[in-house]
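Notes follow once the structure below has been shown.
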Amino acid sequence: MDTDLPNQPIEKLSISGPTLSSILQSFSSSHGDIEGLLFGHVIHLPPPDLHDDMDCSYTTSAPSPNPIAVIITGHICFSSISSFYDPLGRIDSATLTRILEGANLPSNSTIIGWLFGRRSAPLRPSMRELSVTLSLSRSLKTLETNNQRSHQSSAFHPPFLFLLLSSSSTPNHAIHTHEYRAFELKKKTLVPRSMSLINVGPAFREQYASFAAESAFPLIEGVEGDVKSLIGIKKNQMLDRIAEGFGLDRLRKMAGSGASQYTTELEALYTTMLGNLKSLARSVEISSANVASQEIQNLKLRSKFAGLD
Amino acid sequence: MSVKAPPPLIYSQIKYLSTKSPLPFKIEQLRSGDKIGKHSDRFTLQIPFCLDYIKWDVIYNAQYPLVAPDFIFSPEDEDFHPLLFGDKGRTRFEMGSLCNWNIKDPSRLLLVVNELRKKYLDYQKKRVAELDDDRLKFEISTLLSREGLEVLLLFASDRPQEVKFAIPLLENIPLNKIVQCCPWKQEQKIYLQAIFPITQKYSAPSAPRLNLVCTSELKIVFSIDDVKLPIWINGMCMAEYLPNLENSLEAQILAAGASIGARRRFIEALAPVFGRPVEADSVYCRRATVLVAGTFSFLVHFALTPQFPKQQPILTMQSSCHFTSQGTPISSPSLRTYPWSPRWEPSIMVERIFEYIGEELLTFKKYCNENSSQR
């Protein structure tokens, strides 16, 4: 990695469609303001298209020799606001480290910025948001140097971003409007940046080839173990788990030429699978209800504190 | 969407800010940051600054009442970063009220806003001092020592065009004391507003636009709009201009104070001739009304200007017996051309007015009969 990279301005800033929609979803489903961290990576833009057609009359010249692109690929939202900084916007490194450790982030994910969503407020960075952005970019540098976990030289500082969101709806909630604006931290100021969306389609093929999605999925206790053990199990056992009660012989019959005779068998297989899915859905429903009731409980406690009943 | 009340703790801070401060803050667009709009927790704050208002958005969070409010400044002040100034220790000291935020303290928001306003003033002064204009550099260096000076860079089509100075005048005269038993809670002030155009390189500096401004209550006893400003001579600077202005202004303020005493004596002199006034302004002595009773009863209103006794009272007669078709009593036009001398004793002034009213009586009665609705 080049050491002069930090001096280079961002040539292009993009966000993957699913990431943006999931950020918008997090915001629109929350009652009030939200904040979180942005993950992504810094890459060299693919060089301009090379034409093997020698008759091509024009020659392309890149504006800078090593244009860099920043892609936002994932995010996490915190459960409350003002969770890792003080009223002056100074980062509480200990809390931040604890949050990051608790979040079980993939080792290759890089924090490239943070986000804040607030309703009924202008889409300009506030006093504290700038302070947090600056302080966060500094403390991440320190964390990085302290941990020495990255292979990159410490002279490499990725650009730092701030994503500001706002949302509003008509009084009858028929139309919801979502707005977002990305900012790049430059010399203690936040400069607005245009941000392109990466979507599926022929126009995005190039980006898609160089695109690797990473999303920090909040791992729930217990499930994590299941997933790990799943990988360790032999193929046969895995198949057995999925197709419970169906031996290999029984399955082979279904795949053969005489499969048509075994429609009842197939239906039985699906019924079992559906049953499994159903019980899974049920447990998801129960745990969601628990989470929701806990959230309501928290909301009540906060309201009580604020003197609202 | 209808405006919902802010949560009690936030409300008490907003109320303290708008009622307990000597500066008249205005709260606008109270709104909710909640999806369902249950509680208002953000608003636009109009802050008096440099004889104008600046607008900041104040963002509280009703769901997290412990969290300190945040501020969004106007787009022209995009490089105003009060939390990034200087070293960390200084910011913590200067923004102490925000650093040790406490939602349960009603005065806390006002303290934070005042701290920010102070930082904003420093920011504006720094901006003006950095302009490439030698005259303005000189003006600001000579004026900086004046207590209470405020400056503001004025933009037109995204570029700084002018600099506005609000220069407090007569700081050594307690203006509140010119009225006896002063009812004013707010400290009265007089400012010279000077707007300097920013001079382009190699062009001659043009004269500033000058204007006197005072607090609204002072206008009741002192008509600031009638003050004639000394002429600004080319090549002059504020340090030369201000002493002259302050001297003439001081004399006029003292005269305004003396006028209140003269008006009071005039109103007191009404009683022996007209009988006790039905109504009288006992503080500023700007108005009095007497009743003339008889077969034709009517009221006489006296309006006294701050230039009394130089300017004679404006009289209006109002009938108690004649009404228009709308049911309002018929009044005469304002009477201001009757015999008058500012050198007369108050008792003579009142007697002469009494005689004049006696002469006007028949004309007014005729006027009433012509204009009243026939019943």
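Those protein sequences? They're chains P and S, same order as listed. If you count the first sequence from 1, you need to add 844 to reach the numbering used here. If you count the second sequence from 1, you need to add 185 to reach the numbering used here. Quick reminder that beta carbons are idealized off the backbone N, C-alpha and C, glycines included.
Starting from residue i, trace the alpha helix (DSSP H) in both directions and tell me its first and last residue.
i	result
Tyr1106(P)	Premise fails: Tyr1106(P) is in no alpha helix (DSSP H) and is neither H nor E.
Phe1006(P)	Segment Leu1005 to Ser1013 is the beta strand (DSSP E) holding Phe1006(P); no alpha helix (DSSP H) there.
Gly861(P)	Gly861 to Ser873
Glu540(S)	Pro531 to Asn556
Ser225(S)	Careful: Ser225(S) lies outside any alpha helix (DSSP H) and carries neither H nor E.
Ile195(S)	Pro193 to Lys205
Leu283(S)	Gly281 to Cys284
Quick one: list the residues of chain S neighbouring residue i, beta-carbon separation under 9 Å, in chain order.
i	result
Thr1033(P)	Glu263, Asp264 and His266
Arg962(P)	Gly218, Arg227, Ile244, Asn246 and Asp255
Residue i bridges to which residues according to DSSP?
i	result
Trp241(S)	Leu230(S)
Asn419(S)	Answer by DSSP bridge pairing: none, since Asn419(S) is not bridged.
Ser858(P)	Ile915(P) and Ser1040(P)
His486(S)	Thr474(S) and Thr501(S)
His885(P)	Ile915(P)
Ile352(S)	Leu377(S)
Val336(S)	Phe350(S)
Ser516(S)	Gln503(S)
Ile878(P)	Gly961(P)
Thr1033(P)	Lys1030(P)
Ala465(S)	Ala473(S)
Pro969(P)	Answer is none; Pro969(P) lacks a bridge partner.
Asn396(S)	Gln378(S)
Cys921(P)	Gly880(P)
Arg508(S)	Correcting the residue identity first, residue 508(S) is Phe in this sequence and not Arg. Paired residue(s): Pro514(S).
Which first and last residues belong to the beta strand (DSSP E) in which residue i is found?
i	result
Arg472(S)	Arg472 to Val477
Lys1030(P)	His1020 to Lys1030
Arg934(P)	That residue, Arg934(P), is in no beta strand (DSSP E); it is neither H nor E in DSSP.
Lys211(S)	Lys211 to Arg216
Leu269(S)	From DSSP, Leu269(S) is part of no beta strand (DSSP E); its letter is neither H nor E.
Asp255(S)	Asp255 to Ile257
Gly961(P)	Thr954 to Gly961
In chain S, which residues lie less than 8 Å from residue i when you measure between Cβ atoms?
i	result
Ser975(P)	His266, Leu268 and Leu269
Arg1146(P)	Gln248, Tyr249 and Pro250
Leu978(P)	Leu269
Ala965(P)	Gly218, Arg227, Asp242, Ile244 and Ile257
Ser924(P)	Tyr249
Which residues in chain P have a C-beta closer than 8 Å to the C-beta of residue i? List them in chain order.
i	result
Arg320(S)	By Cβ distance, chain P contributes nothing, its closest Cβ being about 30 Å from Arg320(S), past 8 Å.
Which residues in chain P sit within 9 Å of residue i, going by Cβ to Cβ distance?
i	result
Phe258(S)	Arg968, Ser970 and Met971
Met280(S)	Pro931 and Leu932
- Name, going along the chain, the residues of the segment 858-878 of chain P whose beta-carbon falls closer than 7 Å to a beta-carbon of chain S. Cβ contacts with chain S come from His875, Gly876 and Asp877.
- Item | Residues, ordered as in the chain, of the segment 926-960 of chain P that lie near chain S by beta-carbon distance below 8 Å | Ser926, Asp930, Pro931, Leu932, Gly933 and Arg934
- Task: Can you check the segment 400-458 of chain S for any beta strand (DSSP E) of at least 3 residues that lies completely inside it and give the ranges in chain order?
- Result: none
- Query: Mind listing which residues of the segment 440-473 of chain S have their C-beta closer than 8 Å to chain P's C-betas, in chain order?
  - Reply: Listed in sequence order: no entries.
- Message: Residues of the segment 231-254 of chain S in Cβ contact with chain P at a cutoff of 8 Å, in chain order, please.
- Response: Asp242, Ile244, Asn246, Ala247, Gln248, Tyr249, Pro250, Leu251, Val252 and Ala253
- the segment 284-310 of chain S: which residues have C-beta closer than 7 Å to a C-beta of chain P, in chain order? Cys284 and Trp286
- Message: If the cut-off is 9 Å on Cβ atoms, which residues from the segment 1121-1151 of chain P count as contacting chain S, listed in chain order?
- Response: Leu1143, Arg1146, Ser1147, Phe1149, Ala1150 and Gly1151
- Message: Residues of the segment 186-210 of chain S in Cβ contact with chain P at a cutoff of 7 Å, in chain order, please.
- Response: Answer set for the segment 186-210 of chain S: Met186, Pro192, Pro193 and Leu194.
- Name the residues in the segment 342-356 of chain S whose C-beta lies less than 8 Å from a C-beta of chain P; which are they? none
- Message: Threshold first: 3 residues or longer. Then list the beta strand (DSSP E) segments lying entirely within the segment 290-345 of chain S, N to C.
- Response: 335-341
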